[in-house]
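Colleague: Residue numbers (this note's numbering), protein chains in the order written: chain A, 257 to 544; chain B, 257 to 478; chain C, 257 to 478; chain D, 648 to 953; chain E, -2 to 268; chain F, -2 to 268. All residues carry an ideal CB built from backbone N, CA and C; glycine is no exception. Quick caveat: nothing in here was measured; it's all calculated off a predicted structure.
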Amino acid sequence: MAALTISRRELTQRTAFSLLVLATAIVTVPVLFIIIYIVVNGAGALSWEFLTQAPSQAGKAGGIFPAIVGTFYLMLGTIIFSLPVGVLAGIYLTEYARANWLTRLINMAILNLAGVPSIVYGLFGLGLFVLAMKFGMSLLAASLTLACQALAMTITTSREAVIAVPREYREGSLAIGTTKWQTIRHVILPQALPGVITGAILAMSRAAGETAPILVVGAAFILPGLPTSPFDQFMALPYHLYTAAAHVPGMSKVTIWGIALVLLVVVLSFNSLAVFIRIRVRQRRFGS
Amino acid sequence: MEIRTTFRKRLHDIQQELMAMGGMVEKAISLSIEALKERDLKLAHQIIADDRKINEKRFEIEETCIQLIATQQPMAGDLRTLISVMSVITELERIGDHAEGIAKIVIMIGDEPPLKPLIDIPRMADKTIDMLHRCLESFMNCDEKMARSIAAEDDEVDDLYDQVYRELVSYMVEDPKTITRATRLLWVAHNLERCADRVTNICERVVFTVTGKMYETNVSKY
Amino acid sequence: MEIRTTFRKRLHDIQQELMAMGGMVEKAISLSIEALKERDLKLAHQIIADDRKINEKRFEIEETCIQLIATQQPMAGDLRTLISVMSVITELERIGDHAEGIAKIVIMIGDEPPLKPLIDIPRMADKTIDMLHRCLESFMNCDEKMARSIAAEDDEVDDLYDQVYRELVSYMVEDPKTITRATRLLWVAHNLERCADRVTNICERVVFTVTGKMYETNVSKY
Amino acid sequence: MAIASAGLSKSLRRRWRFSEKLIESFILLNGLLAIIVLLGVLFLLLREGLPAFAYTSPWQFFFGTRWYPVSEPPTFGILSFFMATLWVTLIATAIAVPLGVGCAAYLAEVAPASVRETVKPIVELLAGIPSIVMGLIGLLLLSPLVQGLFNLNTGLCGLTAAIMLAMMSLPIIVTVSEDALRAVPKEFREASYALGATQWETVWHVCLPGALSGIAAAIMLGVGRAIGETMTVLMVAGGALAVPYAPTQPMMPMTAAIASGIGNAVRGGPQYQALFAIALLLFLMTFAVNLVADRVLERQKRKFAR
Amino acid sequence: MNMNHALLNNRAAHNNETKLKTEQVSLFYGTFQALRNISLDIREKAITAIIGPSGCGKSSFLRLFNRMNDLIIGARVDGRVVIDDTNIYDRDIDVVELRKRVGMVFQKPNPFPMSVLENVAFGPRRHGKKNRHELEGIVERSLRQAALWDEVKDKLGQSALALSGGQQQRLCIARVLAVEPEVILMDEPCSALDPIATLRIEDLMRSLSSDYTIVIVTHNMQQAARVSDMAAFLMMEKDRAGILVEYGPTSQIFTNPQDKRTEDYITGRFG
Amino acid sequence: MNMNHALLNNRAAHNNETKLKTEQVSLFYGTFQALRNISLDIREKAITAIIGPSGCGKSSFLRLFNRMNDLIIGARVDGRVVIDDTNIYDRDIDVVELRKRVGMVFQKPNPFPMSVLENVAFGPRRHGKKNRHELEGIVERSLRQAALWDEVKDKLGQSALALSGGQQQRLCIARVLAVEPEVILMDEPCSALDPIATLRIEDLMRSLSSDYTIVIVTHNMQQAARVSDMAAFLMMEKDRAGILVEYGPTSQIFTNPQDKRTEDYITGRFG
Ligand SMILES: Nc1ncnc2c1ncn2[C@@H]1O[C@H](COP(=O)(O)OP(=O)(O)OP(=O)(O)O)[C@@H](O)[C@H]1O
Ligand SMILES: Nc1ncnc2c1ncn2[C@@H]1O[C@H](COP(=O)(O)OP(=O)(O)OP(=O)(O)O)[C@@H](O)[C@H]1O
Ligand SMILES: [Mg+2]
Ligand SMILES: [Mg+2]
Ligand SMILES: O=P([O-])([O-])[O-]
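(1) Mind listing, in chain order, the continuous alpha helix (DSSP H) runs of no fewer than 4 residues lying wholly within the region 334 to 413 of chain A?
(2) So the alpha helix (DSSP H) Glu234 (chain E) belongs to, where does it begin and stop?
(3) Cβ of Asp184 (chain E) less than 8 Å from any chain F Cβ?
(4) Of the residues D:Ser761, D:Thr807, D:Gly782 and D:Ser666, which one's Cα is nearest the Cα of Leu792 (chain D)?
(5) Of all the CB atoms in chain D, is at least one closer than 8 Å to the CB of Leu369 (chain A)?
(6) Measure the alpha-carbon distance for Ala755 (chain D) versus Gly749 (chain D) and round it to whole angstroms.
(7) Quick one: any contact between the region 224 to 233 of chain F and the region 285 to 296 of chain B, if contact means 3 or more CB pairs under 8 Å?
(8) Can you tell which of B:Glu312, B:Leu416 and B:Val429 has its C-alpha closest to the C-alpha of Ala381 (chain B)?
(9) Taking a cut of 7 Å between CB atoms, which residues from the region 35 to 51 of chain E lie near chain F?
(10) Would you list the residues whose beta-carbon is nearer than 5 Å to any heavy atom of ligand 1, in the order they occur in the chain?
(11) According to a CB-to-CB cut-off of less than 7 Å, which residues of the region 209 to 230 of chain F neighbour chain C?
(12) Which chain C residues sit within Cβ distance under 9 Å of Arg203 (chain F)?
(13) For Arg258 (chain E), which residues from the same chain have a beta carbon less than 7 Å from its beta carbon, with the 5 sequence-adjacent residues on both sides left out?
(14) Examine ligand 2 and report whether any of its heavy atoms sits within less than 7 Å of the Cβ of Arg258 (chain F).
(15) Provide the residue(s) that pair with Ala228 (chain F) in DSSP beta bridges, ordered along the chain.
(16) For ligand 2, any of its heavy atoms closer than 7 Å to the Cβ of Gly49 (chain F)?
(17) Could you pull out every residue in the same chain whose Cβ sits closer than 6 Å to the Cβ of Ser666 (chain D), ignoring the five residues on either side in sequence?
(18) Can Phe103 (chain F) be considered in contact with ligand 2, in the sense that its beta carbon sits closer than 7 Å to one or more heavy atoms?
(19) Would you mind telling me which residues of chain C sit closer than 8 Å to Ile322 (chain B), beta carbon to beta carbon, in chain order?
(20) In terms of residue numbering, what span does the beta strand (DSSP E) encompassing Asp184 (chain F) cover?
(21) For Ile411 (chain A), which option in A:Leu400, A:Asn363 and A:Leu396 has the closest C-alpha, if you only look at C-alpha atoms?
(22) Please list the residues of the region 96 to 117 of chain F that have a C-beta atom closer than 7 Å to any C-beta atom in chain A, keeping them in chain order.
(23) Give me the chain F residues within the contact set of Ala326 (chain C), using Cβ-Cβ distance strictly less than 7 Å, ordered along the chain.
(24) Are the CB atoms of Leu174 (chain F) and Ala143 (chain F) nearer to each other than 8 Å?
(25) If you follow the beta strand (DSSP E) that Thr15 (chain F) is in, where does it begin and where does it stop?
(26) Strictly below 7 Å CB to CB, what residues from chain B border Ser248 (chain E)?
(27) Is it buried or exposed, Glu14 (chain E), if we count other Cβ atoms within 10 angstroms and call 16 or more buried?
(28) CB of Asn216 (chain F) to nearest heavy atom of ligand 2: below 7 Å?
(29) Using a C-beta cutoff of 8 Å, does Val853 (chain D) count as contacting chain E?
(30) What three-state label does DSSP hand Ala326 (chain B) in the structure shown?
(31) What residues from chain C crowd round Glu133 (chain E), counting only those whose CB sits closer than 9 Å?
(32) Just curious, the beta strand (DSSP E) that Thr210 (chain F) is in, first and last residue?
(33) Strictly below 8 Å CB to CB, what residues from chain F border Leu675 (chain D)?
(34) Taking the straight line between their C-alpha atoms, what separation do you get for Asn368 (chain A) and Val939 (chain D)?
(35) What residues of chain A sit near Gly687 (chain D), judged by a beta carbon separation below 9 Å?
(36) Quick one: what's got a C-beta closer than 7 Å to Ile294 (chain A)'s C-beta in the same chain, skipping five residues either side?
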């Protein structure tokens, strides 16, 4: 009797675990397939020329150099506009904010900023930066738009990084007679820095991949040269890819996959960097 | 809700054992006087044999107290109680020794004719036993006032002793032949007087247990 | 690295105080015999007065021991040491009382002519003081063997006492006029004999402190 | 001593620390920026979007099935967009939740360390793939597959989009759920084993219930992602303007409608305003989802706290 | 001492049979040896305390008895661990069944985030008891045994996490009792509790010791002294492997330990 | 007792001056009153222990003295808290300056994740000491005072987190000593440590007590008994506000408390 019960429980367990393994396989196998597929099919397009030349013949020939540069400019612009605000707001929320309606409101705002669809940011950027502030369809307008979108992320990651600094450190520092800012500056920020940086890199990587907002606020499909000022129009990899794939008839598949591969490499290398930093920090904190 | 029930139970057990030991000692004194009155050598030997048990009981209780202190970390009143128990059993054991001493004297006297009818010595013994009994009761009940009043009664025993002493010396002076016998009775009385002194020591411990203060009663005269 | 330094220091202090008390008691015995020999009433009064100090010292040490037990939770050997200290000071205090007793007898004797030259009684006293001194040393050094051998020496004191007793009884029988005086000397000898008994009790405590076992030496004869 | 204390009492008096105050107010300003941006978004959407209702009644707008921005007068009915978003989101969620939670449970509770160390980076990889690339995959690889499998006229339909969206919301669901499962203290597992429960019983009766709040939040976040996703649905869903009755039909979710329309809309014109009105609706929908998710989390948290 | 101790008898030694036994047990975590050649007989229906300095392997030793170490990858056991007459490290031992017989209470109170009732019913449910009436009976009995019934009988449906720390720990004990174990292992069960709650748990342990064999690990020497009948002192050797230094009745270990190292540890001379 | 206690004198009472003082202090968290009318004089260069049941307000009381409660929103203090002759709750008191004079050590050792040296130098640096040589002198002095120098002198550059728990706590004490406080507050400084490390910290506290005024909160009654010169017993009233029940020399509190409630708590009769 007892033996029978055990074996039934054992059976349930085996069945359940098999289903879990199956789910995991369904999640992971397509990802590997996609990556490998893009690498295999896109590698053919890669060449020195492809990476360093401007496009010609509506993108069917030439390279994607301006798009690569444009994407890096966008990443830079995004981080310049969103990181300082993100960090300071994160500090405000954890160190200064009192539990009152204002704080609740700010937190709710952040929560919702993170959930606003990217296309809505696009419209916001269009309405505010392009039209109202008259920046036009420009690198600056796009950067600001992406920065607004990234804000939720930089604030949240900074806030989490600052919160993760144990309360004991704060108390330990204040209790030996330091001011609040000294405590933040010398104890909390150094501790939170890796987390902040990780968040920033992820935000940049996200910005590199965004299409919908820049589609609205000003990316160009083909430009002969690089932007020379923030008020110039610009090319960007995702938008270039979109147009090439959806709007240029007769585009060669290899070129499309080639653009996709370059975009993927940019985005994923930044992601890996963030992961790498996170692991290093974890080791330093718990190791030695 | 009461907690530390185990400790409390063991403390209570110790107090019970202390009372049992007190009973043994009271009995030893009263039997020793009985033996003296009746010239009962067998009884005297019995008392001597029983004193071993009193000694053993004393060490048993003491060991338990030490174990309780080591393992239960009593504090404040509980600790004072345990310390007092250890002190009280020492006193009881000594009182037991005095009873044994009397029994030994009984054996020395053997079947010599009595020097005189025994009156004051049994009275001393009764008084001492009574004091001891009530004193232990006051310990159980943490009755500080009672303990103080019992300690004061020691004077009565001392007076009785003085009386016995004077009487016996006059016997000896009148008839030197009685000297040995008289000296022996004197020993008996002395033993009883010491017993009563020890009872007052126990009383002091009662006061200490309750108040945490050691108060010294009158110091013994001899 | 030694830890609990505070506790260890305080334990050490207590042992020092115990030795100091031992010194006071030794001095009290030796002075009381001095007073007896010299018929020095002033000295006798001084001894009685000093006994208060011994008593106070005893309570002071005891209180410190209790505080140490309550606040420092000593265990094993440390606890046994503290328990033993409390027991030893009780014995010392009683020995002090015996010295006081002798001093009181000296006062009773006053300037009566000496019954006989004092020989055995001073020998008893010297022996007792010597035993006490070495015994406390053995306590300090946790020297169990030494303690056992000292306890065995109690028989010598008992023998001396028997000798004194027989001698004094023969005096009394020969000359009833000496009875009072002889009885008094007998008290003195008896006090000394009790002192030696108490030294053996201390020896038992030394053995207990070291081994954790209570060993009973020979039981007193009187 | 007295002298020392006199000195002390003097030195304890407060000093004015100007820089401290300055920094403090600057930091507060940055904190407020989050609200400013959010309110800015809302304000702009309202300003540009509300005028649309001058041309078309709200009833017509929300329940009208016809979207003719350039006819005279233009009609703006968004029901088909809305239904498309609904279809796509529901199906994506239905696919992603069991897979995601199952995968998370496997990673957190069952998988040996070596498997976990390889699977986790793969999931993170998936999170990193830009939506445009996923759109490309749907467009070029998945849609022919779906077309063949269901024997459709075109593979560019709601179902294809939903499958891609499911993939895209999986990383969020997996990572957040796994974190939630890991947050269940080791002590609970040990207690369960020590009572003689099997590992599966421990996962099912102790770990999953314990992580329920986190898993619910994960699902909500996944839903939010699916609703707001633009490029993938723009490229894959088919772009048909009719109200979809089956997931296998081509359709145009709201985000796609905005993205495809905004390029041609005259700035400040009726279509421009109508698109802003859709954006406003999207904004409010995601706002609602997020608020609900937050409330759920809060209530779950409070349920087990004192 | 060779006297008969009436006073002591009412405490220990109701029963002198051996319930658990380790025979020359060594425990390895990978290549690191955490325990070396430990042989110990644990008495039935008595409380045995394991004491020793931090990291000497007390917890590891305790977890031998319900094979909790199995959960740690790379842990290996040499020697025999015997319950009644069975070596629990035999191949064909059912660990789930073993853990029913050998319950465990942990350092931090860890009631499941469910209702009080569900917590206690958890074990019986897993072992196939479904009848609601029967379960309720078990729950009441276990809570009574754990001296918690009166405090929670009106809030059986409320979350267990709303209880105080001490109540939570008693609930965890009730939860173990509900599966009717023979042995209860406790790993520093009071170290997260305040003094009063601690004394309560100690009282509970003593009352349970008449029916269960209890093994407790504690950092708190005073607690080991207060609560146990037998005590074992573990120590680390040079290579940090735990060895058994002394094992005996608690009263002896704390008043008159036989080993110099035990004495040094107990009197705080260690270091 | 009215005897002269030579034995006791070497422990307490080097100094009978009052260093800290609360006068009719009440503390509120919002509308909840955590402390009610507490008046207490804390002796200079002695160790004062605060004991009492869980939640009676011991930590809150301790944190009055360096205004750590200021960090809690809604906390309000009535009455006066005086250090030397200054009410530290006066309007114009500089909290930062106050906390330099009144150092604090916490329950969990909390060294900053920096090197040992940087940890100790942290305070002096913030207060404007930049000279490397001078800082090194301060670090060595503080570490010596905290009885840690010998153990860490060869690894001043290593991360403080690599130290053992007991060493970390002594490091935290050194960190406080480096800013030359007059008072050191300790909130259950040993509750996260093992018994040996605990005894070490206790030894350290005693050696510091000749130069500093120390106030310690502890759950561990035995520890309070072992380490302090004076002890205060707090308790909750019906409404859960903490009140002072008894305050006196430690030896008296633990052998002969004057208040029945203290006696009940100390002997474990409470509940
Ligand atoms: N999972 C593990 N892997 C490797 N080593 C371990 C593991 N668990 C414990 N150890 C090591 O085994 C030794 C014994 O650990 P254990 O936790 O049993 O000690 P303990 O006496 O319970 O200590 P504490 O008093 O701190 O709880 C320690 O040196 C520890 O570092
Ligand atoms: N920040 C706070 N807000 C509201 N109430 C609080 C706060 N901190 C403490 N309390 C309450 O104040 C009372 C006293 O808390 P405090 O932490 O001072 O007690 P304690 O004696 O230190 O307890 P413990 O022994 O558990 O550390 C408790 O009832 C607690 O719930
Ligand atoms: Mg452990
Ligand atoms: Mg506290
Ligand atoms: O909304 P997108 O991620 O597709 O830009």
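Modeller: Result, derived from the coordinates:
(1) 357 to 371 and 374 to 381
(2) The count along the fifth sequence starts at 1 and reaches residue 234 (chain E) at position 237. First-last for Glu234 (chain E): undefined, no H or E at that position.
(3) Numbered from its first residue, the fifth sequence carries residue 184 (chain E) at position 187. Output row for Asp184 (chain E): interface = no.
(4) Against the fourth sequence, residue 792 (chain D) aligns to sequence position 145. Selected option, being the one with the closest Cα: D:Thr807.
(5) As a working mapping, residue 369 (chain A) is identified with position 113 in the first sequence. It does: the Cβ of Leu369 (chain A) has a partner Cβ on chain D nearer than 8 Å.
(6) Sequence index remark: in the fourth sequence, residue 755 (chain D) carries index 108 (1-based). Sequence index remark: in the fourth sequence, residue 749 (chain D) carries index 102 (1-based). Going by the C-alpha atoms only, they are around 10 Å apart.
(7) no
(8) Position 125 of the second sequence holds residue 381 (chain B). Ranking the options by Cα distance to Ala381 (chain B), first place goes to B:Leu416.
(9) Pro50 and Ser51
(10) E:Tyr26, E:Ala31, E:Ser51, E:Gly52, E:Cys53, E:Gly54, E:Lys55, E:Ser56, E:Ser57 and E:Ile69
(11) So the close ones are Gln219, Ala222 and Arg223.
(12) Your numbering for residue 203 (chain F) matches position 206 in the sixth sequence. Residues of chain C passing the Cβ test: Thr261 and Thr262.
(13) Counting from one through the fifth sequence, the residue named residue 258 (chain E) turns up at place 261. These residues qualify, in order along the chain: Met232 and Val242.
(14) Position 261 of the sixth sequence, counting from 1, holds the residue named residue 258 (chain F). Incorrect: Arg258 (chain F) has no Cβ contact closer than 7 Å to ligand 2.
(15) Counted from its first residue, the sixth sequence places residue 228 (chain F) at position 231. DSSP lists F:Ala46 and F:Gly245 as partners of Ala228 (chain F).
(16) Taking the sixth sequence and counting its residues from 1, the one referred to as residue 49 (chain F) is at position 52. Yes, since a heavy atom of ligand 2 falls inside the 7 Å radius drawn around the Cβ of Gly49 (chain F).
(17) Indexing the fourth sequence from 1 puts residue 666 (chain D) at position 19. Correct list: empty, nothing qualifies.
(18) Looking up residue 103 (chain F) in the sixth sequence gives position 106. Because no heavy atom of ligand 2 lies under 7 Å away, the Cβ of Phe103 (chain F) does not count as near it: no.
(19) Along the second sequence, read from residue 1 onward, the residue named residue 322 (chain B) stands at position 66. Result: Leu335, Arg336 and Ile339.
(20) By one-based count along the sixth sequence, residue 184 (chain F) stands at place 187. It spans Val180 to Asp184 - the beta strand (DSSP E) in which Asp184 (chain F) sits, taken as one unbroken run.
(21) Indexing the first sequence from 1 puts residue 411 (chain A) at position 155. The shortest Cα separation from Ile411 (chain A) among A:Leu400, A:Asn363 and A:Leu396 belongs to A:Asn363.
(22) Arg96, Lys97, Gly100, Met101, Phe103, Lys105, Asn107, Phe109 and Pro110
(23) Start at 1 with the first residue of the third sequence, and residue 326 (chain C) comes out as number 70. What Ala326 (chain C) touches in chain F: Ala222, Phe251 and Thr252.
(24) Here residue 174 (chain F) refers to the residue found at position 177 when the sixth sequence is read from its first residue. Here residue 143 (chain F) refers to the residue found at position 146 when the sixth sequence is read from its first residue. Contact: yes.
(25) Working through the sixth sequence from its first residue, we reach residue 15 (chain F) at position 18. Its beta strand (DSSP E) spans residues Thr15 to Tyr26.
(26) Translated into the one-based positions of the fifth sequence, residue 248 (chain E) becomes position 251. Within 7 Å Cβ-Cβ: Gln323 and Thr327.
(27) The residue labelled residue 14 (chain E) in the question sits at position 17 within the fifth sequence. With fewer than 16 other Cβ atoms within 10 Å, it is exposed.
(28) For the purposes of this step, residue 216 (chain F) is taken as residue 219 along the sixth sequence, with counting starting at 1. Note that residue 216 (chain F) is His in the sequence shown, not Asn. Indeed, a heavy atom of ligand 2 lies less than 7 Å from the Cβ.
(29) By 1-based counting over the fourth sequence, the position of residue 853 (chain D) is 206. Yes, contact with chain E.
(30) Here the question's residue 326 (chain B) lines up with position 70 in the second sequence. Of the three classes helix, strand and coil, the one that applies to Ala326 (chain B) here is helix, per DSSP.
(31) As a position in the fifth sequence, residue 133 (chain E) is number 136, starting the count at 1. The premise fails here: Glu133 (chain E) is roughly 45 Å from chain C at the closest Cβ pair, so nothing lies under 9 Å.
(32) The residue given as residue 210 (chain F) occupies position 213 in the sixth sequence. Taken as a continuous stretch (DSSP letters only), the beta strand (DSSP E) holding Thr210 (chain F) covers Thr210 to Val214.
(33) One-based indexing of the fourth sequence puts residue 675 (chain D) at position 28. The premise fails here: Leu675 (chain D) is roughly 16 Å from chain F at the closest Cβ pair, so nothing lies under 8 Å.
(34) By one-based count along the first sequence, residue 368 (chain A) stands at place 112. By one-based count along the fourth sequence, residue 939 (chain D) stands at place 292. In a straight line, the C-alpha of Asn368 (chain A) is about 11 Å away from that of Val939 (chain D).
(35) Locating residue 687 (chain D) in the fourth sequence gives position 40, counting from the first residue. Residues of chain A passing the Cβ test: Phe380, Leu384 and Cys404.
(36) As a first step, residue 294 (chain A) is located in the first sequence; it is residue number 38 there, counting from the start. Taken in chain order, the residues that qualify are Trp513, Ala516, Leu517 and Leu520.
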